[in-house]
Each structure stands twice: as C-alpha cells, then as structure tokens.
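Reviewing the structure listed below.
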C-alpha cells in the first residue's frame with residue numbers, strides 16, 4: 831500500500847487554507863478547508879500554520895497552528911479537507927502550553943516511531959531543541 835502526500839496551502843493575505851489532493855505529481859482535486867459547520871475557515875495573523883501531522887491517529891493529516899502573540903498552539907483535527915475539532919495543545923496538567931520567542935516550531939513528525947505526531951521546537955538563542963511527544967492534543 832502506497833501513501834500519498836497532499837499539499838496544504840495557506841494564504842495569509844485572505845486567511846483561507848486549501849488542500850491539494852495529489853495523485854503522484856498531479857493534482858487530483860483542490861478543496862478549501864472547511865469548519866465543522868461546512869463553511870470555509872478563515873484565520874489571520876498572528877496565527878500561522880507551523881506543521882502537519884496525524885495527531886489523533888485517524889489516518890488523516892491534521893494542521894498545527896501557532897499564535898505568535900499569545901503562544902497558544904491549536905490543532906485542527908482533519909478528515910480530508912474538513913475540520914472535525916480544534917483543541918488547544920495542553921500540558922500534562924491540562925492547562926494550555928504557551929510558548930513564544932526565542933522558541934519556534936521547526937517540525938512535526940512521529941519522533942518515537944509510534945505513529946503519534948510530536949512537535950519539534952528550537953530555541954534560536956541557546957540552540958536547544960525540545961520534542962513534545964503528543965497524545966492527541968496533550969503533551
């Protein structure tokens with residue numbers, strides 16, 4: 831079985847996101863990201879897309895957003911091009927984890943090879959890195 835990777839586009843001028851469903855190197859379909867109500871989701875600054883990974887292990891790539899003003903991270907749980915939930919990333923105590931500069935998200939992957947997406951952070955001042963091993967939306 832071959833897994834196909836799709837492309838996520840975000841337009842920071844108008845706040846729309848679009849998924850290009852790929853068939854190898856050809857676009858099979860283009861779909862605007864829709865919210866739980868079926869309407870197009872519009873997101874502006876200070877939010878930005880920082881990664882894509884399967885956080886809830888349902889076989890669909892989810893979208894990780896970061897708010898540079900507040901430090902919040904939010905995961906858009908996806909099924910194809912539709913959002914099924916938007917949990918805030920929380921710590922072990924259940925409270926939102928707020929992280930800002932000099933830390934930035936530099937990657938999303940299954941770092942422990944268990945299929946669960948994790949978040950890779952980098953500190954521009956100290957050059958330290960940190961991996962948040964995720965259990966859905968909780969560190």
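Numbering (the working numbering), first residue to last: 831 to 969. C-beta: ideal position from N, C-alpha, C; glycine also. Given the structure is predicted, the values throughout are model-derived calculations rather than measurements.
In three-state DSSP terms, what is residue i?
{"i": "residue 847", "result": "strand"}
{"i": "residue 914", "result": "strand"}
{"i": "residue 856", "result": "strand"}
{"i": "residue 967", "result": "coil"}
{"i": "residue 934", "result": "strand"}
{"i": "residue 954", "result": "coil"}
{"i": "residue 939", "result": "strand"}
{"i": "residue 831", "result": "Here residue 831 scores only 39 on pLDDT, less than 50, and its place in the model is too uncertain to base an answer on."}
With distances taken between CB atoms, is the gap from residue i to residue j smaller than 8 Å?
{"i": "residue 945", "j": "residue 963", "result": "no"}
{"i": "residue 979", "j": "residue 919", "result": "In the structure as shown, the chain starts at 831 and stops at 969, and residue 979 therefore has no counterpart that could be examined."}
{"i": "residue 940", "j": "residue 952", "result": "no"}
{"i": "residue 878", "j": "residue 896", "result": "yes"}
{"i": "residue 882", "j": "residue 838", "result": "yes"}
Using 8 Å as the Cβ pair cut-off and three pairs as the minimum, do the region 883-892 and the region 860-867 touch? Short answer: they don't touch.
Meets three-Cβ-pair contact criterion under 8 Å: the region 838-852 and the region 870-883: Contact between the region 838-852 and the region 870-883 is present: 3 or more CB-CB pairs across the two stretches fall below 8 Å.
Which whole runs of the beta strand (DSSP E) in the region 870-929 are 3 residues long or more, in chain order? Whole beta strand (DSSP E) segments, 3+ residues: 877-883, 892-897, 903-909 and 912-915.
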